[in-house]
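Number of protein chains: 2
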Amino acid sequence: MDVQQPYLVFLGDARDALAAKTGQGIVDWRPKAVVGQLRLPGCVANLGVADVTIEQAAEAGARTFLIGVVNPGGVLPDHWQGAIVEALGAGLDIASGLHTPLASVPAIARAAKQSGGQLLEVRRPVGPFRTATGRKRTGKRLLTVGTDCSVGKKYAALAIERELIRRGVAADYRASGQTGILIAGSGIPIDAVVSDFAAGAAEMLSPDNDPDHWDVVEGQGSLFHPSFAGVSLALLHGTQPDAIVVCHEPTRTTMRNVDAPIASISDVIDQTLALGRLTNPAVRCVGIALNTATLGSEAAKRAIEQTRRDFDLPVCDPMRYGVEALVDEMLV
Amino acid sequence: MDVQQPYLVFLGDARDALAAKTGQGIVDWRPKAVVGQLRLPGCVANLGVADVTIEQAAEAGARTFLIGVVNPGGVLPDHWQGAIVEALGAGLDIASGLHTPLASVPAIARAAKQSGGQLLEVRRPVGPFRTATGRKRTGKRLLTVGTDCSVGKKYAALAIERELIRRGVAADYRASGQTGILIAGSGIPIDAVVSDFAAGAAEMLSPDNDPDHWDVVEGQGSLFHPSFAGVSLALLHGTQPDAIVVCHEPTRTTMRNVDAPIASISDVIDQTLALGRLTNPAVRCVGIALNTATLGSEAAKRAIEQTRRDFDLPVCDPMRYGVEALVDEMLV
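If you read the protein sequences in the order shown, they are chains A and B. Using the numbering used here, the letters of the first sequence map in sequence onto residues 2 to 333. Using the numbering used here, the letters of the second sequence map in sequence onto residues 2 to 333.
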């Protein structure tokens, strides 16, 4: 799945900033990939980039009209169709992570046919895929794993990629979920791949590379989440990481959406290394990323310091304090 | 996926007995579900049941024309179409595990439309599925797991179901792969389910049941197979087994189709119990099923006796010597 950059980020009539999280992620992590934002009347989100018309965006070189906003239920509301049709007419592709397939809307399908523009559904994997081989690939890989879903695996990976590049290390963030794919402009939504091919898709996501190159792969779910552990394991085996970073949200007590306690950091380290050795016997844990967003500054620092003492590993909050210590350890 | 029984088993022009393995499995495990076999000129396989015409099969009450033979590449050869069309005309459904979708063959699609007969593709899961909840269900479950693919997990499960029923214990074999689905007449091909829903599909496969009822679930792959471990883990978590049986082929040294050593029985026991505890803390290993088909009688008995001593667990070859010791232990 390749989404051509740069983007015109469409925010529709987003009811709050959280609804525009995808758009915000793109602005945060790929600011050069954004020519501007398009907001409909009533939109309360603002990415802090230029408000542009579709015509201006096309003139500025935008290649893709990216739906950077979620709607309840993932439905495409009728009053967004006009902008999408206009964007197709201006020569742009459309990229969407919504549940409603773009091509299922007759006006959009018609406009795409006329313009030749692509309708990119980042929820839908683009095959063909094959089963995993387990063959060791060249180059290095880091995988972010978690004690639960939604604990910061995507942003930890993006922060590590950014820090590696800052240090002059060749690195690529590899997106395994739809928001990450829109940020990076490419990737594979692993959880939407048929399970027989999930590990094989993970192998395709981080192909052979130069010996010193790092792929920084966005993890999915948790080996301890009863709904998604199979996805997490397929991604672990297919990625065959040299290094893992364990992501954790220190105030969470139960797994998201299920009646199960959150996994402990030590269990996640032990189990990930035990299972990861199947495809990379040299896998090691290079640190812990704490998502301390819900804590005050003092409490966050205490949590980080305590975790560092408990595990004798580098501990960071990627969004608050960066990932230098993690990257120091992975490059040892 | 429900396939109506009884079956007319179609063997086409099977080149050898192995090509008719699916048909043989049905005759072995569900003899009452077979009204007869239909063989084309040149067929060298023989299931040892009556040769019948389609007309005779329909009169005898056959509901489904079941393709019980595999062809190289899973392709449906042109010269099988006539029999399929005739079977539809006689009021039968068609069930197939071939790669070629039945409905992609115009003559078959037309005949099905005319007759109202169903075209059942057991490779294709019939949703909708949901993500797993991890909620503990009522009733008991056994899952067969393996040191590799194709070590006898399906037949071990079928043998355990048969022995339970012989003892008057309420039990159902639950098929997780296409051959098992054709044998049982129902099931879910877990490896063909989108990975996000694989554990949820496994939950649907063995729903709430009476407290003393056993679901005997056919395992898939191996937690140590780099291509399929994610599927195996999703099935383990979704099944939430009370008991596992580890299946092993004692002469195999490498994993099927990949360059990896076969897993050890002890690693499979330890890892399956460690991971299985997430959704059933009481999971235990009730024995080992050895597939000794490649060994002579004396060597087979020695391998079973040695394994029994090594693990202090019941050890059986289900096909050769039955599964009484395993079932004794699961009912303790």
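Each residue gets a CB set at the ideal place from its N, CA and C atoms; glycine is no exception.
Establish whether the CB of residue i and some CB of chain A are separated by less than 8 Å.
i	result
B:GLY188	no
B:THR280	yes
B:PHE225	yes
B:THR139	no
B:LEU324	For the sequence presented, residue 324 of chain B should be read as Val rather than Leu. Chain A contact via Cβ: absent.
B:LEU99	no
B:HIS238	yes
B:VAL259	yes
B:ALA235	yes
B:THR132	yes
Closest to residue i by C-alpha separation, out of the options, would be which residue?
i	options	result
A:GLN119	A:ALA91, A:ILE27, A:PRO129, A:LEU39	A:ALA91
A:LEU144	A:ALA176, A:GLN115, A:GLY75	A:ALA176
A:GLY140	A:LYS302, A:VAL217, A:VAL246	A:VAL217
B:VAL76	B:GLU87, B:PRO102, B:PHE66, B:ARG310	B:PRO102
B:ILE68	B:THR148, B:ILE245, B:GLU325, B:LEU9	B:LEU9
A:ASP17	A:PRO32, A:GLY43, A:VAL284	A:GLY43
B:VAL259	B:SER233, B:GLY169, B:PRO227, B:VAL284	B:PRO227
A:ASN281	B:GLY117, B:GLN179, B:PHE225, B:LEU296	B:PHE225
B:VAL246	B:ASN210, B:ASP329, B:MET2	B:ASP329
A:PRO208	A:VAL232, A:VAL170, A:LYS137, A:THR148	A:LYS137
B:VAL53	B:MET205, B:LEU12, B:MET256	B:LEU12
B:ALA108	B:GLN82, B:VAL123, B:SER116, B:ASP268	B:GLN82
B:GLY181	B:GLY26, B:GLN6, B:MET256	B:GLY26
B:TYR156	B:VAL333, B:ARG310, B:MET320	B:MET320
A:ALA326	A:ARG168, A:PRO212, A:GLY220, A:PHE229	A:ARG168
B:GLY220	B:GLY147, B:GLY49, B:MET256	B:GLY147
A:ASP149	A:THR254, A:ILE189, A:TRP215, A:ALA203	A:THR254
B:LYS22	B:PRO7, B:VAL4, B:LEU48, B:ARG40	B:LEU48
A:VAL284	A:GLN272, A:ASN292, A:ALA294	A:GLN272
B:PRO251	B:MET205, B:GLY153, B:ASP211	B:GLY153
A:GLY188	A:ALA160, A:PHE229, A:VAL127	A:VAL127
B:ASP243	B:ALA230, B:GLY222, B:LEU274	B:LEU274
A:TYR322	A:ARG310, A:ASP311, A:SER298, A:PRO32	A:SER298
B:MET2	B:GLY222, B:VAL232, B:LEU206, B:GLY231	B:LEU206
B:ALA59	B:VAL269, B:VAL45, B:PRO78, B:LEU39	B:LEU39
B:GLU56	B:VAL123, B:ILE85, B:ASP79	B:ILE85
A:ALA172	A:ALA158, A:GLY178, A:LEU183	A:ALA158
A:GLN179	A:VAL269, A:VAL70, A:GLU87	A:VAL70
Look up residue i in the DSSP assignment and give the residues it is bridged to.
i	result
A:PHE229	None, per the DSSP bridge assignment.
B:SER187	B:ASP3
B:ILE95	B:PHE66, B:LEU120
A:TYR174	A:VAL217
B:LYS141	B:TRP215
B:HIS249	B:LEU291
A:SER262	What sits at residue 262 of chain A in the sequence shown is Pro, not Ser. BP columns for A:PRO262 point to A:THR255.
B:LEU206	Beta-bridge pairing links B:LEU206 to no other residue.
B:PHE11	B:LEU39, B:ILE68
A:GLY244	A quick correction: the sequence has Ala, not Gly, at residue 244 of chain A. A:ALA244 pairs with A:LEU143, A:ARG285.
Quick one: is residue i near chain B, going by C-beta distance under 8 Å?
i	result
A:SER105	no
A:THR254	no
A:VAL269	no
A:GLY135	yes
A:SER228	yes
A:ASP94	no
A:GLY128	no
A:VAL232	yes
Does the distance between the C-beta of residue i and the nearest non-hydrogen atom of the ligand HEM fall short of 7 Å?
i	result
A:GLY135	For the structure depicted, the ligand HEM is absent and the ligand set is empty, with no information on it obtainable.
Counting beta carbon pairs with one atom in the segment 238-255 of chain B and one in the segment 130-138 of chain B, are three or more of them shorter than 8 Å? yes
When you check each C-beta in the segment 181-215 of chain A against every C-beta of chain B, which residues fall closer than 8 Å? ILE191, ASP192, ALA193, VAL194, VAL195, SER196, ASP197, ALA199, ALA200, GLY201
Answer yes if the segment 197-204 of chain A comes into contact with the segment 93-113 of chain A, meaning at least three C-beta pairs across the two stretches below 8 Å, and no otherwise. no
If we count Cβ pairs, one from each stretch, closer than 8 Å, do we get three or more for the segment 262-278 of chain B versus the segment 300-307 of chain B? no
Decide yes or no for the touch test of the segment 288-298 of chain A against the segment 312-329 of chain A: beta carbon pairs closer than 8 Å, at least 3 of them. yes
For the segment 46-63 of chain B, enumerate the residues whose C-beta is nearer than 9 Å to any C-beta of chain A, in chain order. none
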